[in-house]
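Mind the numbering: the sequence shown is residues 713 to 907 in my numbering, read in order.
Everything below concerns the one structure shown next.
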Amino acid sequence: AVLAGVGWMAVREIRGGTRLLLITEGLTIAVILIVAAITLGKLIAHDTPDGQHVDLSAFTVASGTDTSSVFLGVVFGFLSFAGFEAAATLGEETENPRRAIPRAILGTAVFGGIFFVVVTAIEMMAFGTDKSGVAAFTKSEALMGDLAASYVTPWLSWVIVLGAAFSAAACCLASGVGASRLIFALSRDGMGPAV
């Protein structure tokens, strides 16, 4: 059903579908930031289920950690930024692309960097930086959903999971539109099928 919906949005004028998905993404980010702020407040006040607190050791590599685990974390960090360059594929449709595209790419990278570092640090501290907390962190299938259920209210975790589903649909739509735009440009310039 999601693929059918994305396909339907991709073959129509993209502006409406993109607007819907951007609004959904924005609301999901807002909910995540609210949950992160409430969680951080409870960490500061020591009002947590298992005595978790603000612990800056979330920013250090634990002693005894092997190199492959460090690089696994690095890969996680790099993959958190995947897609920031997607604005470049729509350069021809953008008003003043020489100004708008670099701003979009830089803004996404800066906002994404701050967002992912802050939210991941809060998640790590909320689960706990001890051995059992790290184990719970790695076993969680929906980190912010679990935090919403533990620190705010259980129904909010479903809002975050639903937002993640819309986010996946937005990624699918962006990939489809970006790929079709690149194929169009290559074909127009004689490097693809003329049709």
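No residue lacks a Cβ here, since even glycine has one placed at the ideal position from N, Cα and C.
This structure is a prediction, so every number in the text was calculated from the model and none was measured.
When the Cα of Ile746 is compared with those of Cys883, Met856, Gly717, Arg815, which residue comes out closest?
Met856
Cutting at 7 Å between CB atoms, please list the residues of its own chain near Leu733, excluding the five before and the five after it.
Phe878, Ala881, Ala882, Leu885
Burial state of Lys754 (16 or more Cβ within 10 Å)
buried
For the alpha helix (DSSP H) that contains Ala876, what are its first and last residues?
866–900
Compare the beta carbon distance of Val830 and Ala742 with 8 Å and say whether it is the shorter of the two.
no
In chain order, what residues of the same chain lie with their CB nearer than 6 Å to the CB of Leu898, ignoring the 5 residues before and after it?
Gly904
With a 10 Å radius around its C-beta and 16 neighbouring C-beta atoms as the bar for buried, classify Gly819 as buried or exposed.
exposed
Is the number of C-beta pairs between the region 721–730 and the region 859–874 that are closer than 8 Å three or more?
no
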